[in-house]
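Here the structure is laid out as structure tokens; the discussion comes afterwards.
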Amino acid sequence: AEIATVLDVMNTHAQRLKLVVEGSVHWCGDFVVRVGQCFRNSTLAGTAAEIEYLPCTTASAASAPLEAFADLLLPAGERDFCSSETECFHDAQGLPDAFSVEHSTLLVVGLMRARYITTDEDQRRDLKRERNE
Numbered sequence: 001a002e003i004a005t006v007l008d009v010m011n012t013h014a015q016r017l018k019l020v021v022e023g024s025v026h027w028c029g030d031f032v033v034r035v036g037q038c039f040r041n042s043t044l045a046g047t048a049a050e051i052e053y054l055p056c057t058t059a060s061a062a063s064a065p066l067e068a069f070a071d072l073l074l075p076a077g078e079r080d081f082c083s084s085e086t087e088c089f090h091d092a093q094g095l096p097d098a099f100s101v102e103h104s105t106l107l108v109v110g111l112m113r114a115r116y117i118t119t120d121e122d123q124r125r126d127l128k129r130e131r132n133e
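And the structure:
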């Protein structure tokens with residue numbers, strides 16, 4: 001419910017899907033890792049992992065330690081998608097300097113858009129192969 005409120009306030013996304021992540025939280029030194037199953041409209045869509053680096057609150061400053069920690073958990077070649085791009089923060093209006101739920105929301109929306117674009121393109125490609133186009 002909290003993410004829906006942020007999406008409405010920021011006017012960045014029309015809510016057509018219900019996204020729920022159910023899982024657990026783990027602490028490892030200065031890092032907090034949230035891992036859970038991701039459900040899209042009640043259908044299991046995969047696993048979601050969020051890594052937070054506690055000493056750093058500035059949204060764009062923690063990229064290097066976060067990437068290094070993510071690589072320890074799961075090598076880049078094994079990941080389906082990793083949303084760590086902070087460029088989307090520059091275009092968004094009204095975001096605070098300190099990382100917040102609004103920043104997380106933009107990353108989740110980016111993740112979902114990337115997943116759907118890839119899925120739609122793959123499905124079209126498979127249909128063309130089946131039709132020998």
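Reading the sequence shown from the start, the letters are residues 1 to 133 in full-length UniProt numbering. Backbone N, C-alpha and C fix where the C-beta goes; we use that ideal spot for every residue, glycine too. Just so it is clear, the structure is predicted and the values come from calculations on it, not from any experiment.
- Counting along the chain, L72 sits inside the alpha helix (DSSP H) bounded by residues 63-73.
- DSSP places G23 within a strand segment (E or B) once states are collapsed to three.
- Look at G46 here: in three-state DSSP terms it is strand.
- Going by DSSP, G29 is part of no beta strand (DSSP E) at all; its letter is neither H nor E.
- A distance below 7 Å between beta-carbons, with the five flanking residues on each side excluded, links P65 to the following residues of its chain, in chain order: Y53.
- Spanning the alpha carbons of D97 and S42 requires a straight line of approximately 34 Å.
- The Cβ atoms of L19 and R40 lie closer than 8 Å to each other.
- A residue is called buried once 16 or more other Cβ atoms fall within 10 Å of its Cβ, and A68, having fewer, is exposed.
- Around the C-beta of H103, 16 or more other C-beta atoms lie within 10 Å, and the residue is accordingly described as buried.
- Of all alpha-carbon atoms in L44, A45, E50, the one lying nearest the alpha-carbon of H26 is that of E50.
- For P55, same chain residues with a beta-carbon under 7 Å away, outside a window of 5 residues either side, are D30 in chain order.
- In the displayed model, G77 falls within a helix according to three-state DSSP.
- Nearest to E22 by alpha-carbon distance, out of A61, L44, L72, M10, is L44.
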